[in-house]
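Below is one structure, written out as structure tokens; comments come after it.
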Amino acid sequence: MNLRPYAPTDLLRVVEVFGSSIHSLAAPFYTAEQLSAWAPTAPDIAGWERRLEALHTVIAEQNDIIAGFASYEDDGHLDLLFTHPAFARRGVATRLYLQVESALRTAQVAKIFTEASLAARPFFENHGFQVDAEELVERRGVQLRRFAMHKKIRDA
Ligand SMILES: CC(C)(COP(=O)(O)OP(=O)(O)OC[C@H]1O[C@@H](n2cnc3c(N)ncnc32)[C@H](O)[C@@H]1OP(=O)(O)O)[C@@H](O)C(=O)NCCC(=O)NCCS
227 MNLRPYAPTD LLRVVEVFGS SIHSLAAPFY TAEQLSAWAP TAPDIAGWER RLEALHTVIA
287 EQNDIIAGFA SYEDDGHLDL LFTHPAFARR GVATRLYLQV ESALRTAQVA KIFTEASLAA
347 RPFFENHGFQ VDAEELVERR GVQLRRFAMH KKIRDA
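Per the numbering used here, the very first residue in the sequence shown carries number 227; after that it's consecutive.
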């Protein structure tokens, strides 16, 4: 498995990983209506292009297949972390997360924070995150439960 920075030519494949990850790995935790609101069948590609332009994104790749990706911001916000269902529970998200944590440590960021889905909460707890609050977020008129979580990586 190779980790590398996102390139604009990855756009469609990244959006595909996002959709299949949600519709497969998050499916046990949300209703069909919630899953469709979170990852619609016709994604807004231009919106994704703009969103990814503003983030640092790390791609995990195996034999030219994108196995997962993680996107973060300079302030320690881990915005996106998604594994392709064919690669689930094989350490892909862990590899991506550790790379992000390492980059943020180097940048002397004090804490990493994220909004974890019901599917991802155990993963983040496993990596030392604490829950700050349970949230309801609205996507296309539908509410989804998630958790604001953080991990301190440096003494302030
Ligand atoms: C959460 C997610 C990123 C984890 O990806 P992954 O590549 O399968 O994770 P890893 O293989 O690195 O898992 C490492 C550990 O995290 C924990 N973990 C991961 N997924 C878990 C799950 N569904 N339930 C319980 N523990 C889980 C386990 O302890 C796991 O170790 P183990 O497999 O040895 O038991 C992935 O399931 C996913 O993309 N989910 C759907 C989308 C989503 O919710 N993304 C996050 C948005 S906030």
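Glycine included, C-beta positions come from ideal geometry on N, C-alpha and C. Please read these numbers as outputs of a predicted model, since none were measured by experiment.
DSSP beta-bridge partners of residue i
| i | result |
| --- | --- |
| residue 356 | 376 |
| residue 228 | 287 |
| residue 294 | 286, 309 |
| residue 370 | 363 |
| residue 303 | 339 |
Residue environment, residue i, which counts as buried when at least 16 other CB atoms sit within 10 Å
| i | result |
| --- | --- |
| residue 247 | buried |
| residue 309 | buried |
| residue 273 | exposed |
| residue 328 | exposed |
| residue 280 | exposed |
| residue 240 | buried |
| residue 283 | buried |
| residue 331 | exposed |
| residue 238 | exposed |
Residue i Cβ short of 8 Å to ligand 1 heavy atom set
| i | result |
| --- | --- |
| residue 318 | yes |
| residue 366 | no |
| residue 251 | yes |
| residue 379 | no |
| residue 294 | yes |
| residue 341 | yes |
| residue 248 | yes |
| residue 345 | yes |
| residue 321 | yes |
| residue 355 | no |
| residue 228 | no |
| residue 315 | yes |
| residue 348 | yes |
| residue 281 | no |
Three-state class that DSSP yields for residue i in the structure shown
| i | result |
| --- | --- |
| residue 327 | helix |
| residue 342 | strand |
| residue 334 | coil |
| residue 347 | helix |
| residue 266 | coil |
| residue 237 | helix |
| residue 245 | helix |
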